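Colleague: Before I ask anything, here is the structure I am working with.
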Amino acid sequence: MARALWFFTVPDESELPERLQGLFAKARESVGFVPNVFRAYSYRPERLSAWFAHYKQLHEPTPGLDAADREMIAVVVSAYNRCTYCIVSHGHALRVALGGNSEAGVLADHIATNWRHAALDERRTAICAFAEKVTATPWLMDEADLRSLAAVGLSDHEVWDVAEIAAMYNFTNRMAMATGQLPNEEYHHLDRG
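Residues are numbered in this note's numbering as their position in the sequence shown, beginning at 1, plus a constant of 21.
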(Lines of atoms letter the chains of each structure in order from A; the text may use other names.)
(Lines give C-alpha, C1' and ligand atoms only; values in the text may rest on other atoms or scores of the structure.)
Protein backbone atom coordinates (compact mmCIF):
# COMPACT_ATOMS: atom_id res chain seq x y z
CA MET A 22 0.00 0.00 0.00
CA ALA A 23 1.44 3.35 -1.03
CA ARG A 24 1.79 5.98 1.65
CA ALA A 25 1.72 9.73 1.13
CA LEU A 26 5.10 11.41 1.43
CA TRP A 27 3.75 13.94 3.92
CA PHE A 28 0.52 14.75 5.67
CA PHE A 29 -0.17 18.08 3.92
CA THR A 30 -1.19 18.90 0.37
CA VAL A 31 1.62 20.95 -1.09
CA PRO A 32 1.31 23.40 -3.96
CA ASP A 33 2.18 22.45 -7.49
CA GLU A 34 5.73 23.45 -8.34
CA SER A 35 4.45 25.92 -10.97
CA GLU A 36 2.61 27.80 -8.19
CA LEU A 37 5.77 28.39 -6.17
CA PRO A 38 7.74 31.65 -6.22
CA GLU A 39 10.30 31.79 -9.01
CA ARG A 40 13.30 31.50 -6.63
CA LEU A 41 11.95 28.20 -5.29
CA GLN A 42 11.26 26.88 -8.76
CA GLY A 43 14.93 27.66 -9.39
CA LEU A 44 15.91 25.70 -6.26
CA PHE A 45 13.91 22.71 -7.51
CA ALA A 46 15.59 22.97 -10.93
CA LYS A 47 19.06 23.09 -9.32
CA ALA A 48 18.24 20.01 -7.25
CA ARG A 49 17.16 18.10 -10.37
CA GLU A 50 20.39 19.14 -12.06
CA SER A 51 22.69 18.21 -9.17
CA VAL A 52 21.09 15.05 -7.71
CA GLY A 53 18.61 14.10 -10.44
CA PHE A 54 15.42 14.70 -8.42
CA VAL A 55 13.77 17.15 -6.05
CA PRO A 56 14.26 16.04 -2.43
CA ASN A 57 10.95 15.42 -0.72
CA VAL A 58 11.93 17.80 2.09
CA PHE A 59 11.79 20.64 -0.48
CA ARG A 60 8.36 19.53 -1.65
CA ALA A 61 7.09 19.23 1.93
CA TYR A 62 8.48 22.62 2.96
CA SER A 63 6.91 24.20 -0.12
CA TYR A 64 3.66 24.03 1.87
CA ARG A 65 5.06 27.21 3.47
CA PRO A 66 7.29 28.62 0.66
CA GLU A 67 8.63 31.56 2.67
CA ARG A 68 9.88 29.16 5.32
CA LEU A 69 11.49 26.86 2.75
CA SER A 70 13.67 29.79 1.65
CA ALA A 71 14.70 30.58 5.23
CA TRP A 72 15.28 26.94 6.17
CA PHE A 73 17.38 26.25 3.06
CA ALA A 74 19.51 29.38 3.55
CA HIS A 75 20.25 28.27 7.12
CA TYR A 76 21.01 24.71 5.96
CA LYS A 77 23.49 25.98 3.34
CA GLN A 78 25.30 28.17 5.86
CA LEU A 79 25.69 25.30 8.31
CA HIS A 80 27.11 23.00 5.65
CA GLU A 81 29.96 25.30 4.57
CA PRO A 82 33.17 23.33 5.32
CA THR A 83 35.89 24.89 7.46
CA PRO A 84 39.48 23.70 8.09
CA GLY A 85 38.58 21.73 11.24
CA LEU A 86 35.02 20.71 10.31
CA ASP A 87 34.76 19.37 6.78
CA ALA A 88 31.69 18.34 4.79
CA ALA A 89 31.85 14.76 6.10
CA ASP A 90 31.98 15.96 9.71
CA ARG A 91 28.93 18.15 9.15
CA GLU A 92 26.96 15.32 7.53
CA MET A 93 28.11 12.98 10.30
CA ILE A 94 26.47 15.27 12.85
CA ALA A 95 23.24 15.19 10.84
CA VAL A 96 23.35 11.39 10.73
CA VAL A 97 24.15 10.92 14.44
CA VAL A 98 21.31 13.24 15.49
CA SER A 99 18.89 11.68 13.00
CA ALA A 100 19.80 8.14 14.02
CA TYR A 101 19.20 8.93 17.69
CA ASN A 102 15.85 10.53 16.79
CA ARG A 103 14.96 7.66 14.43
CA CYS A 104 14.17 10.08 11.61
CA THR A 105 13.94 7.90 8.52
CA TYR A 106 14.03 10.81 6.08
CA CYS A 107 17.24 12.31 7.45
CA ILE A 108 19.03 9.03 8.14
CA VAL A 109 18.53 8.01 4.52
CA SER A 110 19.17 11.37 2.83
CA HIS A 111 22.11 12.43 5.02
CA GLY A 112 23.44 8.89 5.08
CA HIS A 113 23.78 9.27 1.31
CA ALA A 114 25.42 12.68 1.69
CA LEU A 115 27.81 11.26 4.30
CA ARG A 116 28.83 8.40 1.99
CA VAL A 117 29.58 10.93 -0.75
CA ALA A 118 31.46 13.29 1.59
CA LEU A 119 33.57 10.40 2.91
CA GLY A 120 34.67 9.52 -0.61
CA GLY A 121 31.79 7.69 -2.25
CA ASN A 122 33.55 4.31 -2.37
CA SER A 123 32.54 1.05 -0.70
CA GLU A 124 34.76 1.75 2.34
CA ALA A 125 33.01 5.12 2.77
CA GLY A 126 29.67 3.37 2.49
CA VAL A 127 30.55 0.93 5.26
CA LEU A 128 31.77 3.73 7.54
CA ALA A 129 28.65 5.83 6.87
CA ASP A 130 26.42 2.83 7.61
CA HIS A 131 28.27 2.18 10.88
CA ILE A 132 27.87 5.82 11.89
CA ALA A 133 24.14 5.71 11.07
CA THR A 134 23.62 2.47 12.97
CA ASN A 135 25.83 3.10 16.01
CA TRP A 136 28.65 5.62 15.70
CA ARG A 137 30.44 3.97 18.65
CA HIS A 138 31.14 0.93 16.46
CA ALA A 139 32.57 2.98 13.60
CA ALA A 140 36.17 3.07 14.92
CA LEU A 141 36.26 6.87 14.62
CA ASP A 142 39.29 8.90 15.61
CA GLU A 143 39.29 11.00 18.78
CA ARG A 144 38.11 14.16 17.00
CA ARG A 145 35.11 12.55 15.31
CA THR A 146 34.28 10.59 18.47
CA ALA A 147 34.10 13.87 20.42
CA ILE A 148 31.90 15.44 17.73
CA CYS A 149 29.51 12.47 17.73
CA ALA A 150 29.34 12.35 21.53
CA PHE A 151 28.53 16.05 21.65
CA ALA A 152 25.85 15.81 18.94
CA GLU A 153 24.24 12.85 20.67
CA LYS A 154 24.24 14.55 24.08
CA VAL A 155 22.62 17.71 22.64
CA THR A 156 19.96 15.39 21.22
CA ALA A 157 19.42 13.00 24.11
CA THR A 158 20.01 15.11 27.21
CA PRO A 159 20.34 18.79 26.27
CA TRP A 160 19.64 19.90 29.86
CA LEU A 161 22.91 18.26 30.92
CA MET A 162 25.08 20.28 28.52
CA ASP A 163 27.73 22.45 30.14
CA GLU A 164 30.92 24.27 29.28
CA ALA A 165 32.95 21.06 29.57
CA ASP A 166 31.03 19.68 26.57
CA LEU A 167 32.04 22.70 24.49
CA ARG A 168 35.63 22.46 25.71
CA SER A 169 35.74 18.77 24.68
CA LEU A 170 35.40 19.93 21.09
CA ALA A 171 38.05 22.62 21.44
CA ALA A 172 40.35 19.98 22.96
CA VAL A 173 40.26 17.98 19.72
CA GLY A 174 41.22 20.98 17.60
CA LEU A 175 37.99 22.75 16.68
CA SER A 176 38.00 26.54 16.68
CA ASP A 177 35.40 28.43 18.70
CA HIS A 178 33.44 29.05 15.49
CA GLU A 179 33.53 25.33 14.67
CA VAL A 180 32.42 24.42 18.19
CA TRP A 181 29.47 26.77 17.66
CA ASP A 182 28.80 25.12 14.30
CA VAL A 183 28.70 21.64 15.85
CA ALA A 184 26.15 22.85 18.40
CA GLU A 185 24.09 24.67 15.78
CA ILE A 186 24.13 21.78 13.29
CA ALA A 187 23.02 19.34 16.01
CA ALA A 188 20.27 21.71 17.13
CA MET A 189 19.10 22.35 13.56
CA TYR A 190 18.84 18.62 12.80
CA ASN A 191 16.84 18.07 15.97
CA PHE A 192 14.40 20.65 14.60
CA THR A 193 14.49 19.22 11.08
CA ASN A 194 14.00 15.64 12.33
CA ARG A 195 10.99 16.66 14.34
CA MET A 196 9.45 18.53 11.41
CA ALA A 197 10.04 15.58 9.08
CA MET A 198 8.44 13.14 11.50
CA ALA A 199 5.61 15.49 12.53
CA THR A 200 4.62 16.08 8.90
CA GLY A 201 5.14 12.50 7.68
CA GLN A 202 8.08 13.11 5.31
CA LEU A 203 9.61 10.04 3.73
CA PRO A 204 12.88 9.93 1.78
CA ASN A 205 12.85 9.86 -1.99
CA GLU A 206 13.11 6.32 -3.35
CA GLU A 207 16.19 7.46 -5.30
CA TYR A 208 18.19 7.96 -2.10
CA HIS A 209 18.07 4.23 -1.44
CA HIS A 210 19.93 3.51 -4.67
CA LEU A 211 22.39 6.38 -4.92
CA ASP A 212 26.08 5.50 -4.52
CA ARG A 213 25.27 1.91 -3.54
CA GLY A 214 26.93 0.41 -6.59
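Here a beta-carbon is modelled for each residue, glycine too, at the ideal position from N, C-alpha and C.
These figures come from a predicted structure and were not determined experimentally.
Note the first and the last residue of the continuous alpha helix (DSSP H) segment covering Phe29.
Modeller: What you label residue 29 is simply residue 8 of the sequence shown in a count that begins at 1. Taken as a continuous stretch (DSSP letters only), Phe29 belongs to no alpha helix (DSSP H), as it is neither H nor E.
Colleague: Since Glu143 contacts Thr83 with CB under 8 Å, what's their CB separation in whole angstroms?
Modeller: Position 122 of the sequence shown, counting from 1, holds the residue named residue 143. Position 62 of the sequence shown, counting from 1, holds the residue named residue 83. The pair is not a contact, with the Cβ atoms about 19 Å apart (cut-off 8 Å).
Colleague: Rank Tyr208, Thr156, Asp177 by C-alpha distance to the C-alpha of Phe192 and give the top, closest one.
Modeller: Numbered from 1 along the sequence shown, position 171 holds the residue referred to as residue 192. Of the candidates Tyr208, Thr156, Asp177, the one whose C-alpha sits nearest the C-alpha of Phe192 is Thr156.
Colleague: Per DSSP, Leu86 is paired with what?
Modeller: If you number the sequence shown from 1, residue 86 lands on position 65. BP columns for Leu86 point to Thr83.
Colleague: Where Leu141 and Glu34 are concerned, what is the direct C-alpha to C-alpha distance, given to the nearest angstrom?
Modeller: On the sequence shown, position 120 is the one that residue 141 refers to. On the sequence shown, position 13 is the one that residue 34 refers to. In a straight line, the C-alpha of Leu141 is about 42 Å away from that of Glu34.
Colleague: For Gln202, does the three-state DSSP call read helix, strand or coil?
Modeller: Within the sequence shown, numbered from 1, the residue matching residue 202 stands at position 181. If DSSP states are grouped into helix, strand and coil, Gln202 belongs with coil.
Colleague: Would you kindly work out how many angstroms separate the C-alpha atoms of Ile108 and Gln78, rounded to a whole number?
Modeller: Taking the first residue of the sequence shown as position 1, residue 108 is located at position 87. Taking the first residue of the sequence shown as position 1, residue 78 is located at position 57. Ile108 and Gln78: Cα-Cα distance of roughly 20 Å.
Colleague: Under 8 Å Cβ to Cβ from Glu207, same chain only, skipping five residues before and after it: list those, please.
Modeller: The count along the sequence shown starts at 1 and reaches residue 207 at position 186. Only Val52, Gly53, Phe54 meet the Cβ criterion.
Colleague: In its own chain, which residues sit with a C-beta less than 6 Å from the C-beta of Ala118, not counting the 5 before and 5 after it?
Modeller: Here residue 118 refers to the residue found at position 97 when the sequence shown is read from its first residue. Taken in chain order, the residues that qualify are Ala88, Ala89, Glu92.
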